[in-house]
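Report on the structure given below.
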Amino acid sequence: MSHYSIFCRNCGKTLIDTYCAFCEHCAGSLLVTDYSAPFRSDCGNGIWKFNWLPVHKPAFEQPGTVVYKSQWLARHLGLERLFIAFNGYWPERGAFLQTCTFKEFEAAVVLQNAAENGIEGLTVASAGNTARAFAHLSAVAGFPVLIIVPMMCLLDMWYPESASSVPTFAVGDGDYADAIDVAKRFANVTGLPFEGGVKNIAKRDGLGSTMLESASVMGGLPDHYFQAVGSGTGAIGVWEMSERLLRDGRFGSRLPKLHLAQNLPFAPMVMAWRKESRQLFPEDLRPELIGEVTTRVLTTRYPAYSVKGGVYDAMKAAGGGMYGVSNREVFESMELFSNLEGIDIVPAAGVAVGALRQAIRQGGILKRNETVLLNITGGGELLLGREKKTYNVEPIVISKKISDEKIEELSCKILKKN
């Protein structure tokens with residue numbers, strides 16, 4: 101018997117054997133994992149110590165989030181209970197993520213879950229961090245993946261392992277949304293399933309492990325939670341884990357308020373939320389806006405906002421706010437965090453710090469003695485670069501208009517080589 105089942109939060113239907121699917125009866129409602137036992141954090145090492153993950157016998161090691169109480173940033177911001185959920189490389193703090201991003205959690209749980217479901221390989225689309233995480237875990241777990249990225253994101257990309265060991269294709273004439281479309285076509289041609297994005301319960305639960313570690317360290321759920329979002333999958337995972345911890349009964353009596361942020365001027369979810377709209381607006385999804393932001397990893401024209409069980413519903417259930425953070429605020433926030441906490445952070449994490457600073461400036465949102473959890477979704481890249489060798493991504497460049505015949509030709513050549 102498995103320790104979990106999968107159900108639709110909209111109609112309540114339970115499914116036992118499924119992989120990356122919406123509920124058939126609810127026009128696209130996200131499925132959610134239901135764990136049969138109370139929460140435990142003594143089942144193994146790293147993220148595998150948690151029983152609330154859709155895996156049974158992990159075949160490889162995976163470090164987890166490091167949570168600590170801030171002293172200097174907290175003092176600077178006037179907060180008494182600011183906790184940092186650090187996801188990256190910072191050995192002094194016990195953080196050992198080789199990709200410097202919390203996307204490692206989604207990759208680890210997705211690959212282990214896929215292997216246990218008889219999947220023999222996956223196709224992955226990414227704007228940068230997810231590609232790095234899946235490339236790394238593919239090498240660690242010996243699980244094949246094909247990775248599709250937009251060419252525009254290559255300047256910000258690197259791999260922990262030699263790029264020659266990870267089949268990577270770059271869409272030269274498109275953005276992240278186009279990479280997703282091409283990845284789905286690769287999946288259809290090769291038979292290696294598309295990893296599923298927000299539909300994949302393993303992905304959301306892996307990202308939600310940050311809240312499991314945080315609640316364990318803090319002794320309960322925070323009052324407020326801050327994170328930068330691109331697709332919003334990580335924030336949904338955190339919301340879902342918070343709901344489970346509430347039902348457990350030992351971690352508090354209310355959901356953390358969600359404070360989610362995007363990098364201006366490409367902030368479609370922020371703009372829709374401010375207008376109290378469940379639907380995104382075309383003018384906020386224009387591809388030309390993507391070229392004006394410093395955090396392209398946060399730019400997707402297919403965010404999980406409107407879908408049932410997505411970001412809009414999470415915000416409605418938990419409350420909180422959404423913030424647009426300018427490029428200048430991003431760099432100022434990165435420098436502030438580095439100076440006060442003693443570690444470099446990636447621009448996406450700077451967006452989250454910028455949102456926290458905005459919330460404090462606005463006044464009345466946060467009380468000094470409330471518990472605030474700041475998710476630093478990536479950090480330590482500069483430190484890792486000084487201590488370990490990293491590799492530039494060396495993709496095969498393709499067009500978003502690539503034919504199925506060409507996809508088959510390239511895939512056969514690459515898969516045979518690997």
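Counting in the numbering used here, the sequence shown runs from 101 upward without gaps. Note that CB positions come from ideal geometry on N, CA and C, so glycine has one too. Predicted model only: the values in this text are computed from it and were never measured.
For residue i, which beta-bridge partners are listed by DSSP?
{"i": "Y135", "result": "Y104"}
{"i": "F431", "result": "In the DSSP output, where bridge partners are listed per residue, F431 has none listed."}
{"i": "P250", "result": "V271"}
{"i": "I460", "result": "DSSP output for I460 lists no bridge partner at all."}
{"i": "T223", "result": "L246 and F294"}
{"i": "V472", "result": "L182 and H324"}
{"i": "V497", "result": "A270"}
{"i": "W152", "result": "None, per the DSSP bridge assignment."}
{"i": "Q171", "result": "DSSP lists no partner for Q171."}
{"i": "F122", "result": "L130"}
{"i": "G420", "result": "L358"}
{"i": "L115", "result": "I106"}
{"i": "I445", "result": "G479"}
Are the Cβ atoms of residue i and residue j separated by less than 8 Å?
{"i": "V407", "j": "L254", "result": "no"}
{"i": "T490", "j": "Y259", "result": "yes"}
{"i": "I248", "j": "A227", "result": "no"}
{"i": "F202", "j": "T310", "result": "yes"}
{"i": "D323", "j": "K500", "result": "no"}
{"i": "S342", "j": "L355", "result": "yes"}
{"i": "F286", "j": "T230", "result": "no"}
{"i": "L246", "j": "L292", "result": "yes"}
{"i": "V472", "j": "F186", "result": "no"}
{"i": "G306", "j": "F205", "result": "yes"}
{"i": "V155", "j": "E220", "result": "no"}
{"i": "A279", "j": "P495", "result": "no"}
{"i": "R302", "j": "V430", "result": "At residue 302 the sequence reads Ala, which differs from the Arg that was named. Cβ atoms of A302 and V430: not closer than 8 Å."}
{"i": "Q362", "j": "V329", "result": "yes"}
{"i": "L131", "j": "C111", "result": "no"}
{"i": "A239", "j": "S265", "result": "yes"}
{"i": "I336", "j": "R304", "result": "yes"}
{"i": "Y276", "j": "N475", "result": "no"}
{"i": "Q327", "j": "T477", "result": "yes"}
Measure the alpha-carbon distance for residue i versus residue j and round it to whole angstroms.
{"i": "W339", "j": "A418", "result": "8 Å"}
{"i": "A283", "j": "V497", "result": "13 Å"}
{"i": "Y135", "j": "P244", "result": "28 Å"}
{"i": "P387", "j": "G319", "result": "43 Å"}
{"i": "R396", "j": "Y405", "result": "18 Å"}
{"i": "L321", "j": "A121", "result": "29 Å"}
{"i": "I147", "j": "P158", "result": "10 Å"}
{"i": "D413", "j": "L312", "result": "21 Å"}
{"i": "F366", "j": "T399", "result": "7 Å"}
{"i": "L197", "j": "D256", "result": "18 Å"}
{"i": "G420", "j": "G410", "result": "15 Å"}
{"i": "N213", "j": "E505", "result": "31 Å"}
{"i": "M252", "j": "R401", "result": "15 Å"}
{"i": "G296", "j": "I106", "result": "15 Å"}
{"i": "D444", "j": "H125", "result": "46 Å"}
{"i": "N469", "j": "L364", "result": "30 Å"}
{"i": "G464", "j": "G485", "result": "40 Å"}
{"i": "D384", "j": "D142", "result": "45 Å"}
{"i": "F294", "j": "Y119", "result": "10 Å"}
{"i": "R350", "j": "W152", "result": "15 Å"}
Going by C-alpha distance, which of the options is nearest residue i?
{"i": "T199", "options": "S503, F139, M252 and L483", "result": "L483"}
{"i": "V167", "options": "S314, I465 and P403", "result": "S314"}
{"i": "S170", "options": "R193, G409 and A459", "result": "R193"}
{"i": "R140", "options": "L131, F150, A302 and G146", "result": "F150"}
{"i": "G480", "options": "L456, G442, D504 and L466", "result": "G442"}
{"i": "F160", "options": "S331, R175 and G144", "result": "G144"}
{"i": "E509", "options": "A277, M252, V289 and I147", "result": "V289"}
{"i": "H236", "options": "M252, S262, G218 and F326", "result": "S262"}
{"i": "M58", "options": "L389, C108, A233 and S331", "result": "Residue 58 lies beyond the residue range present for the chain, which begins at 101 and ends at 518; the question has no answer from this structure."}
{"i": "W172", "options": "P158, P365 and N439", "result": "N439"}
{"i": "G454", "options": "E435, N469, R468 and K467", "result": "E435"}
{"i": "M101", "options": "A137, V209, L515 and D413", "result": "A137"}
{"i": "I502", "options": "L197, G128 and G274", "result": "G274"}
{"i": "L456", "options": "V298, E392, E505 and A174", "result": "A174"}
{"i": "Q162", "options": "A233, L358, A127 and L115", "result": "A233"}
{"i": "C512", "options": "G485, S353 and P267", "result": "P267"}
{"i": "K357", "options": "G464, F351 and M415", "result": "M415"}
{"i": "G128", "options": "P250, W152, E432 and V298", "result": "V298"}
{"i": "I390", "options": "A195, H103, R350 and P250", "result": "P250"}
{"i": "A207", "options": "G308, C123 and L466", "result": "G308"}
Beta-carbon of residue i versus every beta-carbon of chain B: anything under 8 Å?
{"i": "G349", "result": "Within the model displayed, chain B is absent; a lone protein chain is all it includes."}
| Three-pair Cβ contact test at 8 Å for the segment 339 to 348 versus the segment 375 to 387 | no
| query | Are the segment 446 to 456 and the segment 420 to 434 touching, with three or more C-beta to C-beta distances below 8 Å? | reply | yes
| message | Pairs of beta-carbons, one from the segment 459 to 469 and one from the segment 174 to 188, closer than 8 Å: are there three or more? | response | yes
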